[in-house]
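Numbering-wise, the sequence shown is residues 60 to 419 according to our numbering.
In what follows, a structure is listed as structure tokens, so that the remarks can point back to it.
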Amino acid sequence: MTDPSPAQEPTGTTPERTASDTAAPSTDHRGTAAPTRAARPTDGTDALRDAFGRLRAEVGKAVVGQEGAVSGMIVGILAQGHVLLEGVPGVAKTLLVRSLAAAMSLDTKRIQFTPDLMPGDVTGSLVFDASTGTFPFREGPVFTNVLLADEVNRTPPKTQSALLEAMEERQVSVDGAARPLPDPFFVAATMNPIEFEGTYTLPEAQLDRFLMKLTLDVPPRDVEWQVLRRHADGFVPRDVRSAGVRPVLGVDEVLAAQRAVRAVGARDDVLAYVVDLARATRQAPSVRVGVSPRGATALLAAAKAWAWLTGYDAITPDHVQAMLLPVWRHRLRVAVDAELEGVGADGVLQQVVEQVRVPF
């Protein structure tokens, strides 16, 4: 499988990216233990990787112009993480999640987060059964493979926190009993960056549970024309099958790919590079709160997924840099005075990448 083009990298559509962020992982690494391309094919891994390449194409039948977000979602699933999708209404956030789940034959459910949503509406609750006189547990929509948490910042923190245990422990506890969630389990949450009335700030603990934050921008003119052309030809967003999206993967293949990603290696000097990047964010003068050790492990997990997708058996600094913005942008807290000067998390992270020495 060839390296995806820069447009396919899971960084969203961030305009101020550096060359190191957009470059495909390089094959020129010095040293006797340098990462190499994975062997072809010996254990089915190569066939799995090719299937995920077809997955991109299937989702592209319904979602136009968001290749970076598509790749980011795939990385999130492979790394067993969750993804926060940020974008104005109408940029295909919900359609992206539905299309991806359909192409992987995964069960999916949607929760519309509203101010009156209760925790039990998410996790499920004990419901009285008059015929038996008992209180059996009725599963909530969180019991699925892919959970779409639409407008997650429109519900109070108490209900938002109902997702915390599910996202971290992959189980829910009701009436003292822990109930495991299906495997795989993946949360894709959406939020609108420009609307503040009737919204609640996501708790830091919940933000930290998201592996990545992907930004979806309004598409350029030619892509917007393609969207209109599809609708003019009868495309119905609520029915992704009408766009020709067909399953190319199943649950077993997804789980096998996740195991393959966990087996991707990492040299000591690349791990040290991740640590140095994280520590540099804590020392940056424009940062109030830098990246935690949990954030460093999240970057490692995403880099391993991206390395596997691009045919490597170990991560390189290029894989780390390609994942840095989407994995760390929501974990950084920029100082107030820096924000007033127009400094954002992405800009700080790009400076950090430029300042920290690359190991090889």
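Quick reminder that beta carbons are idealized off the backbone N, C-alpha and C, glycines included.
Here the structure is a predicted model, which means the values were calculated and not measured.
Apart from sequence neighbours up to five positions away, the residues of its chain that approach His378 with a beta-carbon distance below 6 angstroms are Pro84, Ala362, Trp365 and Ala366, ordered along the chain. His290 sits exposed, since fewer than 16 C-beta atoms from the chains shown fall within 10 Å of its C-beta. Positions of the alpha helix (DSSP H) runs, each at least 4 residues long and wholly inside the segment 312-383, are given as 327-342 and 352-368 in order along the chain. Assignment of Pro239 by DSSP, reduced to helix, strand and coil, places it in the strand class. Annotated as distal: Arg390 and Arg347, with beta-carbon spacing of 8 angstroms or more. A direct Cα-to-Cα measurement between Asp166 and Leu308 gives close to 12 angstroms. Secondary structure note for Ser164: it is in no beta strand (DSSP E), with a DSSP letter that is neither H nor E. The beta-carbon separation of Leu107 and Ala315, rounded to 6 angstroms, stays under the 8 angstroms limit for a contact. Residue pairing by DSSP places Lys272 opposite Leu143 in a beta bridge.
Assigned with DSSP and collapsed to three states, Ala121 falls in coil, not helix or strand.
Beta-carbon to beta-carbon, Leu144 and Leu275 are separated by about 6 angstroms, close enough to satisfy the 8 angstroms threshold. Nearest to Asp242 by C-alpha distance, out of Val402, Leu273, Ser164 and Phe294, is Ser164. If you draw a straight line from the Cα of Gly235 to the Cα of Gly140, it is about 26 angstroms long. Every alpha helix (DSSP H) stretch that sits fully inside the segment 169-203 and reaches 4 residues is listed by chain position as 178-182.
Annotation: the continuous beta strand (DSSP E) that includes Ser232 extends over Gln230 to Val233.
If you check the CB distance, Leu273 and Pro385 come in under 8 angstroms. Residue state for Leu207 is assigned as strand, using DSSP reduced to three classes. In this model, Val231 and Val147 are separated by some 31 angstroms (Cα to Cα). Taking the C-beta atoms as reference points, Met177 is found no nearer than 8 angstroms to Leu159.
Leu155 places its beta carbon 8 angstroms or farther from that of Val123.
Taken atom to atom, the span from the alpha-carbon of Ala357 to that of Gly349 is near 14 angstroms. Apart from the 5 residues on each side of it in sequence, Val299 sits with its Cβ closer than 6 angstroms to the Cβ of Ala121, Arg157, Ser158 and Ala161 in its chain, given in chain order.
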